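Asks: Chains R and F supply the protein sequences, listed in that same order.
At position 244 of the first sequence the residue is numbered 257 (our numbering), and the sequence of numbers has no breaks.
At position 284 of the second sequence the residue is numbered 297 (our numbering), and the sequence of numbers has no breaks.
All residues carry an ideal CB built from backbone N, CA and C; glycine is no exception.
Only a predicted model underlies this, so the values are computations on that prediction, with no experimental measurement involved.
Below you'll find the structure I mean.
Protein chains: 2
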Amino acid sequence: MSNGETKLVKYFMAKAKLSRSKFPIGIGDDMAQMRLPRGDSVLITTDMLLDGTHFDTKKHSLEKIGYKSMAASLSDCAAMATIPLAAVVAVALPRNFGTQNLKKLHKGILKAAKKYNCPLVGGDMTSWNKPLAINVTMLSTVAKTKPVKRSTAKIGDLICVTGTLGGSLTRKHLNFEPRLKESLEIAKAGANSMMDLSDGLSTDLNHICRLSKKGAIVEANKIPISKTAKGVNGALNDGEDFELLFTIPAKNFEKLKKLWRFKTKITAVGKITKEKNVKIEMPNGNIADLIPGGYDHLA
Amino acid sequence: MSNGETKLVKYFMAKAKLSRSKFPIGIGDDMAQMRLPRGDSVLITTDMLLDGTHFDTKKHSLEKIGYKSMAASLSDCAAMATIPLAAVVAVALPRNFGTQNLKKLHKGILKAAKKYNCPLVGGDMTSWNKPLAINVTMLSTVAKTKPVKRSTAKIGDLICVTGTLGGSLTRKHLNFEPRLKESLEIAKAGANSMMDLSDGLSTDLNHICRLSKKGAIVEANKIPISKTAKGVNGALNDGEDFELLFTIPAKNFEKLKKLWRFKTKITAVGKITKEKNVKIEMPNGNIADLIPGGYDHLA
Numbered sequence: 014m015s016n017g018e019t020k021l022v023k024y025f026m027a028k029a030k031l032s033r034s035k036f037p038i039g040i041g042d043d044m045a046q047m048r049l050p051r052g053d054s055v056l057i058t059t060d061m062l063l064d065g066t067h068f069d070t071k072k073h074s075l076e077k078i079g080y081k082s083m084a085a086s087l088s089d090c091a092a093m094a095t096i097p098l099a100a101v102v103a104v105a106l107p108r109n110f111g112t113q114n115l116k117k118l119h120k121g122i123l124k125a126a127k128k129y130n131c132p133l134v135g136g137d138m139t140s141w142n143k144p145l146a147i148n149v150t151m152l153s154t155v156a157k158t159k160p161v162k163r164s165t166a167k168i169g170d171l172i173c174v175t176g177t178l179g180g181s182l183t184r185k186h187l188n189f190e191p192r193l194k195e196s197l198e199i200a201k202a203g204a205n206s207m208m209d210l211s212d213g214l215s216t217d218l219n220h221i222c223r224l225s226k227k228g229a230i231v232e233a234n235k236i237p238i239s240k241t242a243k244g245v246n247g248a249l250n251d252g253e254d255f256e257l258l259f260t261i262p263a264k265n266f267e268k269l270k271k272l273w274r275f276k277t278k279i280t281a282v283g284k285i286t287k288e289k290n291v292k293i294e295m296p297n298g299n300i301a302d303l304i305p306g307g308y309d310h311l312a
Numbered sequence: 014m015s016n017g018e019t020k021l022v023k024y025f026m027a028k029a030k031l032s033r034s035k036f037p038i039g040i041g042d043d044m045a046q047m048r049l050p051r052g053d054s055v056l057i058t059t060d061m062l063l064d065g066t067h068f069d070t071k072k073h074s075l076e077k078i079g080y081k082s083m084a085a086s087l088s089d090c091a092a093m094a095t096i097p098l099a100a101v102v103a104v105a106l107p108r109n110f111g112t113q114n115l116k117k118l119h120k121g122i123l124k125a126a127k128k129y130n131c132p133l134v135g136g137d138m139t140s141w142n143k144p145l146a147i148n149v150t151m152l153s154t155v156a157k158t159k160p161v162k163r164s165t166a167k168i169g170d171l172i173c174v175t176g177t178l179g180g181s182l183t184r185k186h187l188n189f190e191p192r193l194k195e196s197l198e199i200a201k202a203g204a205n206s207m208m209d210l211s212d213g214l215s216t217d218l219n220h221i222c223r224l225s226k227k228g229a230i231v232e233a234n235k236i237p238i239s240k241t242a243k244g245v246n247g248a249l250n251d252g253e254d255f256e257l258l259f260t261i262p263a264k265n266f267e268k269l270k271k272l273w274r275f276k277t278k279i280t281a282v283g284k285i286t287k288e289k290n291v292k293i294e295m296p297n298g299n300i301a302d303l304i305p306g307g308y309d310h311l312a
């Protein structure tokens, strides 16, 4: 999200005037939360995926595209440390897309739905003389711990990530594993803030800091760089990692590491600071501003 | 929805294998229903609206387009006789769409959100070198009466509609009033089945009959034809009326008419039959098959 987008989201937040008792989490987080009259609560996320931007029908199979569409929203459920409940999918089909192609797309959607226990309960189908667009909306329910927000990082928290970062577009962006189980453990260990990495660490850490009214210092040397990333820059700025970015007090992180039973590793890459600047210490010891390098949808 | 689409929906329903206790209403109705652990229940609908199909950015103001996008989903909430809870909106913006245009669209969305007490709680924003696409997903909660489904029409029910039918595209499709209040009264009076008219009476009545495993006989003379419709054919086949189509025992309809306090009129246009054919009695007394005349998104 660019500066322009960030300003817009602030504008949307201000206009929404949501009741905090009914909507404890509103616009600006990975999901919004609603409280229901009898004491249940659901969270919701919606994502538009476009041919040529989020997938490429010329290169990728429709089954993989279907899987990815669901996995991206499942990653939002993970980002809040919540449990997927159900999904609805709306598609804008290019004319002459045909039933067989639609069934392939559906197969990939169902694959993710079954794997992560998030049934497809409805949808919409329309057509036009333009490329494929897929919109997934997903609901989740609260786990034993409260949903973990973006805006609640605390001074002194370690900044941590799951997995390795960067190069996703040449590698795993079509068949990644949303970190659902991992996120529940992270929440249980006492993480203060969390989101999923969709726009790159440089951009997404800036979100956490801005919303939490804190700063950060990242150590470049500590960033777990993916083999397919082009160095630190790729790890910082490539999108669609779908790993978790979370902040957690150091003693909770030690506890978490001892109990960690997943293949995916967790790494501390920096610390939340009082000063509201987001900085990076380069391998040579120089300290620079960590500037958002993600994609700007308003440019 | 065409025959091809109807078959596909059946295919999706069969593949979904939803638990009926958790999901009392699944794929194939205006909304899906989910039961939550503490006894609450929410319904969900998602709709994709496309430039050139559902609206025209060359002709219509972005504010009206925003309003319509929300109103179409609000009409789904009405179709089930439920109460709107919250909405999320995802947009695919043409490049260079710009902040001012986005704010105009947002203004229309908020206008509907406020008018019908259905706050906008989240969204997604992405861009491409293609026309505007808007996806609205809406949640609703159960009213005092149970949600009214499409599949529960009973033999002998009167087939009724709100308002007048046809010609919507030259008239009100951008600023119609979803029949939320009316639908609650209709449910309270004891309607057996209901949906909103989005594809035209000929198509939508066939849905109710197919899903209810019943037939119908419509009297052409009784159809309330809109002034802008091209005769009975327009009233039967034009899309986007966003009026309610419901079936109700005759004595309940009499009761409903006595208590009716809305401007929008209600009209009985036919009767549900045991024989599984959907028929129409023409003004000259001839009886013909009432064939779906709506739009086919797979053709």
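Can a CB atom of chain F be found closer than 8 Å to the CB of ASN148 (chain R)?
Replies: Yes, its Cβ sits closer than 8 Å to a Cβ of chain F.
Asks: Along chain R, which residues have their Cβ under 9 Å away from the Cβ of GLU18 (chain F)?
Replies: Those within 9 Å of GLU18 (chain F) in chain R are MET138.
Asks: Suppose the cutoff is 6 Å on Cβ atoms and the five residues either side in sequence are ignored; what does the same chain contact list for CYS131 (chain R) look like?
Replies: If we look at CYS131 (chain R) and ignore the five residues flanking it on each side, its Cβ neighbours are PRO97, ALA100.
Asks: I want to know whether the region 155 to 175 of chain F touches the region 190 to 209 of chain F - three or more CB-CB distances under 8 Å.
Replies: The region 155 to 175 of chain F vs the region 190 to 209 of chain F: in contact.
Asks: Verify the CB distance criterion: does PHE25 (chain R) have a CB-CB separation below 8 Å to chain F?
Replies: By this cut-off, PHE25 (chain R) is an interface position.
Asks: State the DSSP-derived secondary structure class of LYS35 (chain R), mapped to helix, strand or coil.
Replies: LYS35 (chain R) falls in the coil class under three-state DSSP.
Asks: Can you grab the Cα-Cα spacing for the pair THR277 (chain R) / MET93 (chain F), in whole Å?
Replies: Distance between the alpha carbons of THR277 (chain R) and MET93 (chain F) is about 44 Å.
Asks: If the criterion is Cβ atoms closer than 8 Å, does the pair GLY136 (chain R) and THR59 (chain F) meet it?
Replies: Against a cut-off of 8 Å, the Cβ pair of THR59 (chain F) and GLY136 (chain R) comes out as a contact.
Asks: Quick one: any contact between the region 288 to 300 of chain F and the region 205 to 224 of chain F, if contact means 3 or more CB pairs under 8 Å?
Replies: With a cut-off of 8 Å, the region 205 to 224 of chain F and the region 288 to 300 of chain F count as touching, because enough Cβ pairs lie within range.
Asks: Are LEU258 (chain R) and ILE221 (chain R) closer than 8 Å when you measure CB to CB?
Replies: In this structure, ILE221 (chain R) lies closer than 8 Å to LEU258 (chain R) by Cβ.
Asks: Closest Cβ-Cβ distance between TRP323 (chain R) and chain F: below 8 Å?
Replies: No answer is possible for residue 323 (chain R): it lies beyond the span of chain R, which begins at 14 and ends at 312.
Asks: Helix or strand or just coil, what does DSSP make of GLU198 (chain F)?
Replies: Helix.
Asks: Quickly, what does DSSP pair ILE293 (chain R) with across the bridge? List them, please.
Replies: Its beta-bridge partners are R:VAL231, R:ALA301.
Asks: Taking any Cβ of chain F, which residues in the region 165 to 196 of chain R have a Cβ under 7 Å from it, in chain order?
Replies: Listed by position along the chain: nothing, the set is empty.
Asks: Pair every Cβ in the region 113 to 125 of chain R with every Cβ in the region 62 to 81 of chain R, then say whether three or more of these pairs are closer than 8 Å.
Replies: Enough Cβ pairs lie closer than 8 Å, so yes.
Asks: Would you mind working out which of F:ILE236, F:ASP302, F:GLU195 sits nearest LEU272 (chain F), comparing C-alpha positions?
Replies: Nearest option by C-alpha distance: F:GLU195.
Asks: Give the DSSP bridge partners of LYS97 (chain R), in chain order.
Replies: Residue identity differs from the one stated: residue 97 (chain R) is Pro in this sequence, not Lys. PRO97 (chain R) pairs with R:SER153.
Asks: So ASP217 (chain R) is in the beta strand (DSSP E); what residue range does that whole segment cover?
Replies: Where ASP217 (chain R) is concerned, there is no enclosing beta strand (DSSP E), although the alpha helix (DSSP H) it sits in stretches over 214 to 225.
Asks: With DSSP as the reference, identify every bridge partner of LYS284 (chain F), one or two as the case may be.
Replies: Paired residue(s): F:LEU171, F:ILE230.
Asks: Does DSSP put ASP89 (chain R) in a helix, in a strand, or in coil?
Replies: Note: ASP89 (chain R) maps to helix in three-state DSSP.
Asks: Does chain R have any CB closer than 8 Å to the CB of SER251 (chain F)?
Replies: Just to set this straight, residue 251 (chain F) is Asp in the shown sequence, not Ser. Judged by the 8 Å Cβ criterion, ASP251 (chain F) is not in contact with chain R.
Asks: Going along chain R, which residues have a C-beta under 9 Å from PHE259 (chain F)?
Replies: Those do not exist, as PHE259 (chain F) stays about 21 Å from chain R at its closest Cβ, beyond 9 Å.
Asks: Helix or strand or just coil, what does DSSP make of GLY17 (chain R)?
Replies: In the structure shown, GLY17 (chain R) sits in a helix (DSSP, three-state: H, G or I).
Asks: What is the rounded straight-line gap between the Cα of LEU49 (chain R) and the Cα of VAL55 (chain F)?
Replies: The straight-line gap from Cα to Cα measures roughly 9 Å.
Asks: At which residues does the beta strand (DSSP E) containing VAL134 (chain R) begin and terminate?
Replies: Looking at the DSSP string, the run of the beta strand (DSSP E) that includes VAL134 (chain R) is 133 to 141.
Asks: Could you compute how far the alpha carbon of GLN113 (chain R) sits from the alpha carbon of SER74 (chain F)?
Replies: Cα to Cα, GLN113 (chain R) sits roughly 37 Å from SER74 (chain F).
Asks: Under 8 Å, Cβ to Cβ, is there at least one residue of chain R near ASP53 (chain F)?
Replies: With 8 Å as the cut-off, ASP53 (chain F) counts as an interface residue toward chain R.
Asks: Taking the continuous beta strand (DSSP E) assigned at VAL55 (chain R), which residues delimit it?
Replies: Looking at the DSSP string, the run of the beta strand (DSSP E) that includes VAL55 (chain R) is 54 to 63.
Asks: Just to confirm the assignment, what range does the alpha helix (DSSP H) spanning ILE261 (chain F) have?
Replies: That residue, ILE261 (chain F), is in no alpha helix (DSSP H); its beta strand (DSSP E) goes 257 to 261.
Asks: If you compare alpha carbons, which of R:PRO296, R:ILE285, R:LEU63, R:GLY180 is closest to GLY247 (chain R)?
Replies: Looking at the Cα atoms, R:GLY180 is the closest of the given residues.
Asks: So LEU62 (chain F) and ALA45 (chain F) are supposed to be a Cβ contact under 8 Å. How far apart are they, rounded?
Replies: Between ALA45 (chain F) and LEU62 (chain F) the Cβ distance is about 19 Å, and since that is not below 8 Å, they are no contact.
Asks: For SER328 (chain R), write down the residues that DSSP places opposite it in a beta bridge.
Replies: Chain R is shown from 14 up to 312; residue 328 (chain R) falls before or after that span and cannot be answered.
Asks: Could you give the DSSP three-state label for ALA312 (chain F): helix, strand or coil?
Replies: Note that ALA312 (chain F) has pLDDT 43, beneath the 50 cutoff, so the model's placement of it is unreliable and no number is given.
Asks: Are GLY65 (chain R) and PRO144 (chain R) closer than 8 Å when you measure CB to CB?
Replies: Yes.
Asks: Give a yes or no on whether 8 Å exceeds the smallest Cβ distance from GLY306 (chain F) to chain R.
Replies: Not an interface residue.
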